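**Q** If you read the sequences in order, they're chains A and B.
So for the first sequence, the working numbering puts the first residue at 272; every next one is plus one.
So for the second sequence, the working numbering puts the first residue at 54; every next one is plus one.
Ideal Cβ positions, reconstructed from N, Cα and C, are used throughout, including at glycine.
Here the structure is a predicted model, which means the values were calculated and not measured.
Quick one: this structure, given as structure tokens, is what I'll be asking you about.
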Amino acid sequence: MSDFGPLTQGVFPSILHHTHGDHLTQPFWEAAAQERLVAPRCTDCGTFRLPPSAFCFNCQTRDVEWVELPGTGIVYTFTVVRHPLHPDLAAACPYASGVVELDGTQGAGARMLVNNIDCDVEALRIGDAVEIVWEHVNDEMTTPRFRPTTRT
Amino acid sequence: MTIKDKAAIVGVGATPYTKRGQSFPETEFSMACTAVLAALDDAGLTIKDLDGFSIYSSSCDPAAVAAELGVPEVRWATTLTSGGGGCAGALGVAAAAIDAGMATTVVTLMTLQQLNKRLGGSAVDGMLGYALMSEGSSPYGGNGVPPSAAFTANNGLLSPGHSFALLTQRHMHLYGTTREHLAEVCISQRNNAIKRPTSLRTEPITLDDYFNARMISDPLCLFDYTMESDGAVAVITVAADRAKDLKQPPVYIMSSAHGGTGRWGPALFRYFQIPDDEFASSGHRPVAKRLYEMAGVGPGDVDVALLYDHFSPLVIMQLEDYGFCPIGEGGPFVAEGNIRYGTGTIPVNTHGGNLSEAYIIGMTHVREAVEQLRGTAVNQVADAEIALVTGGPASLPVSAALLRKG
Numbered sequence: 272m273s274d275f276g277p278l279t280q281g282v283f284p285s286i287l288h289h290t291h292g293d294h295l296t297q298p299f300w301e302a303a304a305q306e307r308l309v310a311p312r313c314t315d316c317g318t319f320r321l322p323p324s325a326f327c328f329n330c331q332t333r334d335v336e337w338v339e340l341p342g343t344g345i346v347y348t349f350t351v352v353r354h355p356l357h358p359d360l361a362a363a364c365p366y367a368s369g370v371v372e373l374d375g376t377q378g379a380g381a382r383m384l385v386n387n388i389d390c391d392v393e394a395l396r397i398g399d400a401v402e403i404v405w406e407h408v409n410d411e412m413t414t415p416r417f418r419p420t421t422r423t
Numbered sequence: 054m055t056i057k058d059k060a061a062i063v064g065v066g067a068t069p070y071t072k073r074g075q076s077f078p079e080t081e082f083s084m085a086c087t088a089v090l091a092a093l094d095d096a097g098l099t100i101k102d103l104d105g106f107s108i109y110s111s112s113c114d115p116a117a118v119a120a121e122l123g124v125p126e127v128r129w130a131t132t133l134t135s136g137g138g139g140c141a142g143a144l145g146v147a148a149a150a151i152d153a154g155m156a157t158t159v160v161t162l163m164t165l166q167q168l169n170k171r172l173g174g175s176a177v178d179g180m181l182g183y184a185l186m187s188e189g190s191s192p193y194g195g196n197g198v199p200p201s202a203a204f205t206a207n208n209g210l211l212s213p214g215h216s217f218a219l220l221t222q223r224h225m226h227l228y229g230t231t232r233e234h235l236a237e238v239c240i241s242q243r244n245n246a247i248k249r250p251t252s253l254r255t256e257p258i259t260l261d262d263y264f265n266a267r268m269i270s271d272p273l274c275l276f277d278y279t280m281e282s283d284g285a286v287a288v289i290t291v292a293a294d295r296a297k298d299l300k301q302p303p304v305y306i307m308s309s310a311h312g313g314t315g316r317w318g319p320a321l322f323r324y325f326q327i328p329d330d331e332f333a334s335s336g337h338r339p340v341a342k343r344l345y346e347m348a349g350v351g352p353g354d355v356d357v358a359l360l361y362d363h364f365s366p367l368v369i370m371q372l373e374d375y376g377f378c379p380i381g382e383g384g385p386f387v388a389e390g391n392i393r394y395g396t397g398t399i400p401v402n403t404h405g406g407n408l409s410e411a412y413i414i415g416m417t418h419v420r421e422a423v424e425q426l427r428g429t430a431v432n433q434v435a436d437a438e439i440a441l442v443t444g445g446p447a448s449l450p451v452s453a454a455l456l457r458k459g
């Protein structure tokens, strides 16, 4: 038992227990609590942006509409972390974390950086299809993670 | 009108380099002062001549150094924003200040002591601190965790090595770069370090050693990471016409540039929204273009390249971004022996670099460039006329300088 609670190999523990939401990000977390993936889309040019930001990097518009996404995507890049950041995290290693590009978005600008769980870290590859899984940390915080979709 | 050939580096000074923490009881401040005085002495100047600071990555507080050493009047004190990306760009800012008549004698320096702190450790300690202490006392400030950080805090990607592993994995995927290619960078630079008395790593490494090293964050193993070390290095820049009358052969600043594509931005460390065409790169391409244009030369004119090597794959990406080989061919380029001292077409990091000599956040590369162009380097490149020095691929600005023998 570490300061991080019980650990599972392949899963980085949820070290943040609050969403720290503000007016830009709170809709994401409220949907997350319901296991729905939503992202803000520019009402002017249609560019998605995650994490949510005040201005569209493409057209500088501030207004957004929140769009529900399918929660699937592909592994854009990743690393297998084998050396723990802290000795108490050793039991979580190795874990595979990296960048996922979300289906339904334009890609860059709305990527998510996530821990890929429920996978063989030695077999994970760039381009693998993944889907979101939600970890309920507590009543407020629901952390998104991804796992490979069943391969045929 | 540019700063081309308007200023020259005329003095270099340094403390000894030590492994992390072993510079104690010296401090970052005392080492900075030692390096400044040594650089002035090397130039045949004194503290009475110094009137400018052009620094980067918050290397020192010019106010404190000036007061401690008794600088008569400070006329210029600037810093490039962000971190180790700025070392070579700070030389350009010094040249611009001198060319504009704002200062006459400008120091650029770095001092580093990793005693109670470890670079890269701040993010790790800070993020892990969320779990271990009150979130209200977060290192991000009194207001706690920024809302955007909540999107990434639980993914376990917290250290610089993790960030560069993500770029490297993508480079491997797109271009077929291999761990053998990374090993060549590490082994080549270690061979350069072996002969240098300043080097902290002098035991030879073989391909077997490389593949037997422990993996830290795939595809990076222990040898792909910079070492952690202590020390300080300073250089003095003055106007070109004044430089020829000083003690050392001048090393002219042909060009210097800093910056990068806006969407590279903070790039690493929990951002990673870089567009596809630039993701698997060092972020240096726009800087390289401006650098060569200002100098009126190309990569084929460079005799020795001192490329910031916090992580070995970023040497490969910079070789591509600075045009020594086409984009995506950096791996095979190094595998063919092109970066080796003595036999390669473009010797790289003849001092051993951050991987094997010492890590002083880029200033060891500047020092080596000056020594190469003075003709006093330990691993002297025959007839070296032009040296390229780069700052660390990281958040903007990244930077570079082309230096020329006087």
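Using beta carbons (cut-off 9 Å, strictly below), is Pro-319(B) in contact with chain A?
**A** no
**Q** Taking just the CA atoms, how far does Asp-262(B) sit from Glu-393(A)?
**A** Answer to the nearest angstrom: the Cα atoms are 22 Å apart.
**Q** Among residues of its own chain, excluding the 5 on either side of Glu-438(B), which ones have a beta-carbon nearer than 6 Å to its beta-carbon?
**A** Asp-356 and Lys-458
**Q** When the cut-off is 9 Å and only beta carbons count, does Trp-405(A) lie next to chain B?
**A** no
**Q** Kindly examine the ligand ATP and report whether one of its heavy atoms sits closer than 8 Å to the Cβ of Gly-445(B).
**A** Because no ligand of any kind appears in the structure shown, any question about the ligand ATP cannot be addressed here.
**Q** I want to see whether chain A comes within less than 9 Å of Gln-326(B), judged by CB atoms only; does it?
**A** For Gln-326(B), the nearest CB of chain A lies under 9 Å from its own CB, placing it at the interface with that chain.
**Q** Could you compute how far the alpha carbon of His-289(A) sits from the alpha carbon of Ala-304(A)?
**A** 12 Å
**Q** What residues in the stretch 209-224 of chain B bring their beta carbon closer than 8 Å to a beta carbon of chain A?
**A** Gly-209, Leu-210, Leu-211, Ser-212, His-215, Ala-218, Leu-219, Leu-220, Gln-222 and Arg-223
**Q** What three-state label does DSSP hand Ala-388(B) in the structure shown?
**A** helix
**Q** With Thr-164(B) as the anchor, note down where its beta strand (DSSP E) starts and where it stops.
**A** 158-165
**Q** What residue does the alpha helix (DSSP H) around Ala-304(A) start on, and which one ends it?
**A** 297-304
**Q** Does the pairing of the stretch 100-112 of chain B with the stretch 150-168 of chain B give three or more beta-carbon distances under 8 Å?
**A** yes
**Q** Report, in whole angstroms, the separation of the C-beta atoms of Arg-320(A) and Gly-380(A), which I expect to be a contact under 8 Å.
**A** Right, their Cβ atoms sit about 6 Å apart.
**Q** CA-CA distance, Lys-297(B) and Thr-157(B)?
**A** 14 Å
**Q** Reducing DSSP to helix, strand and coil, say where Ser-216(B) ends up.
**A** helix
**Q** Using DSSP with H/G/I as helix, E/B as strand and the rest coil, what is Asp-274(B)?
**A** Note on residue identity: the sequence assigns Cys, not Asp, to residue 274(B). Reduced to three states, the DSSP call for Cys-274(B) is strand.
**Q** Whole beta strand (DSSP E) runs in the stretch 89-171 of chain B with 3 or more residues, listed along the chain?
**A** 105-109, 129-133 and 158-165
**Q** Go through its chain and collect everything with a Cβ distance to Arg-420(B)'s Cβ below 8 Å, but skip five positions before and after it.
**A** Val-65, Ala-67, Val-286, Val-288 and His-404
**Q** Within the chosen definition, does the stretch 395-405 of chain A reach the stretch 388-400 of chain B through at least 3 CB pairs nearer than 8 Å?
**A** no
**Q** Pull up the distance between the alpha-carbon of Ala-147(B) and that of Val-401(A), whole angstroms please.
**A** The straight-line gap from Cα to Cα measures roughly 50 Å.
**Q** Go through its chain and collect everything with a Cβ distance to Arg-506(B)'s Cβ below 7 Å, but skip five positions before and after it.
**A** Nothing about residue 506(B) can be reported from this structure: the residues present for chain B run from 54 to 459 only.
**Q** List, from N- to C-terminal side, the beta strand (DSSP E) runs of 3 residues or more that fit wholly inside the stretch 330-369 of chain B.
**A** 357-359
**Q** Can you look up Gly-194(B) in the DSSP assignment and give me helix, strand or coil?
**A** Low per-residue confidence applies at Gly-194(B): pLDDT is 39, beneath 50, and the placement is therefore not dependable, though the value from the model is reported in the following sentence. Coil.
**Q** What does the Cβ neighbour count give for Gly-194(B), buried or exposed, with the cut at 16 atoms within 10 Å?
**A** With a pLDDT of only 39 at Gly-194(B), under the threshold of 50, the placement of this residue in the model should not be trusted, and no figure is reported.
**Q** Going by C-alpha distance, which of Phe-82(B), Gln-301(B), Ser-409(B) and His-224(B) is nearest Arg-249(B)?
**A** Ser-409(B)
**Q** Going by the beta-carbon positions, is the gap between Met-280(B) and Arg-73(B) smaller than 9 Å?
**A** In this structure, Arg-73(B) lies closer than 9 Å to Met-280(B) by Cβ.
**Q** How should Pro-323(A) be labelled, buried or exposed, when 16 other C-beta atoms within 10 angstroms of its C-beta is the threshold for buried?
**A** buried
**Q** Could you check the C-alpha separation between Thr-290(B) and Leu-168(B) for me, to the nearest Å?
**A** Looking at the two C-alpha atoms, the distance is approximately 30 Å.
**Q** What residue does the beta strand (DSSP E) around Glu-339(A) start on, and which one ends it?
**A** 335-339
**Q** Could you please tell me which residues of the stretch 284-296 of chain A, in chain order, have their CB closer than 7 Å to any CB of chain B?
**A** Here the close residues are Ser-285, Ile-286, Leu-287, His-289, Thr-290, His-291, Gly-292, Asp-293, Leu-295 and Thr-296.
**Q** Ordered along the chain, which non-local residues of its own chain (more than five positions away) have a Cβ less than 8 Å from that of Thr-348(A)?
**A** Gly-369, Val-370 and Ile-397
**Q** Hey, out of Phe-204(B), Gly-349(B), Thr-87(B) and Phe-325(B), whose CA is closest to Met-378(A)'s CA?
**A** According to the sequence as given, residue 378(A) is Gly; it is not Met. By alpha-carbon distance to Gly-378(A), the top candidate from Phe-204(B), Gly-349(B), Thr-87(B) and Phe-325(B) is Phe-325(B).
**Q** Output the distance between the C-alpha atoms of Val-431(B) and Ala-341(B), rounded to the nearest integer angstrom.
**A** 27 Å
**Q** Would Asn-244(B) pass as a contact of Arg-393(B) if the rule is Cβ separation under 9 Å?
**A** Contact flag set, yes.
**Q** Rounded to whole angstroms, how far is the Cβ of Ser-452(B) from the Cβ of Ser-308(B), which I believe are closer than 8 Å?
**A** So it is not a contact: roughly 11 Å between Cβ atoms.
**Q** Hey, would you say Ile-380(B) sits closer than 9 Å to Ser-334(B), going by beta carbons?
**A** yes
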